[in-house]
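*Asks:* Just dropping this structure here.
Residue numbers (mature numbering (1 follows the signal peptide of the UniProt record, and there is no 0)): -21 to -1, 1 to 235.
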């Protein structure tokens, strides 16, 4: 039995046990995932409007600039009080590349994903936990797909210090075509007003046989009501001295 199979067996055992559902929360924005579970029979729609990525690097001594826009979507529905089904799509993409005075544009569709998230009862009023099992299926167009399927298991811990401050840690372990990667995402969340809150996160990723990557991101979240929110975020890649990468995004989420 390989490591992925062992992890899936462990997740299966945990998913079969009794646990509680943490208070519902949307998973966007940010790289990590929350511990909240979509209520049974409800549907959470989380949509980017869109996300943007800007990159600069040098090719044969000349600067190359790339701008990418995509509008991804995540649907979450409760199976029971502590388990949810997740369906995702990276959505339509548009990309423009500028190099040596020439511009090239292309567009296409991204990959789809399916996953299960399970809340775990830690018997603590302030500390909550959830586990995630997900598969990203390489169904997108050639320019906007991972080409090989990615299988991921993850965990998320959230600690609510008080009404205005919380911290969290999401961990992902993924395998793609036999190569493993690990991603760690420590996060801090802070409430600014009754409706406005913010978050900051550090993302560390190490892929087998590759250099590590790390980045910083922050964002704001405005709650329109108990069922809807809008958000804005921005991030920067800090893992390379020979290229520049920036991300930004707008989005909304609604619970039906």
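For glycine and all other residues, C-beta sits at the position ideal for the given N, C-alpha and C. All figures in this text were calculated on a predicted structure; none of them were measured in a lab.
(1) Under 8 Å: do the stretch 39 to 55 and the stretch 64 to 77 share three or more Cβ pairs, one atom per stretch?
(2) Just mark residue 175 as buried or exposed, buried being the case when its beta carbon has 16 or more other beta carbons within 10 Å.
(3) Would residue 12 pass as a contact of residue 232 if the rule is Cβ separation under 7 Å?
(4) In the DSSP assignment, the beta strand (DSSP E) including residue 135 goes from what residue to what residue?
(5) Less than 7 Å between the beta carbons of residue 116 and residue 155, yes or no?
(6) On the DSSP bridge assignment, give the partners of residue 228 in chain order.
(7) Nearest by alpha-carbon distance to residue 26: which of 54, 38, 34 is it?
(8) Taking just the CA atoms, how far does residue 234 sit from residue 207?
(9) Residues bridged to residue 185 by DSSP?
(10) For residue 146 and residue 166, which I take to be in contact (beta-carbon distance under 8 Å), what is that distance rounded to the nearest angstrom?
(11) Looking at the unbroken beta strand (DSSP E) that takes in residue 83, where does it start and where does it end?
(12) Quick check on the DSSP output: the beta strand (DSSP E) that includes residue 63 runs from which residue to which?
(13) Can you say whether residue 122 is buried or exposed, counting buried as having 16 or more other CB atoms within 10 angstroms of its CB?
*Replies:* Quick answer:
(1) yes
(2) exposed
(3) no
(4) 129 to 139
(5) no
(6) 30, 212
(7) 54
(8) 6 Å
(9) 161, 191
(10) 7 Å
(11) 81 to 88
(12) 62 to 68
(13) exposed
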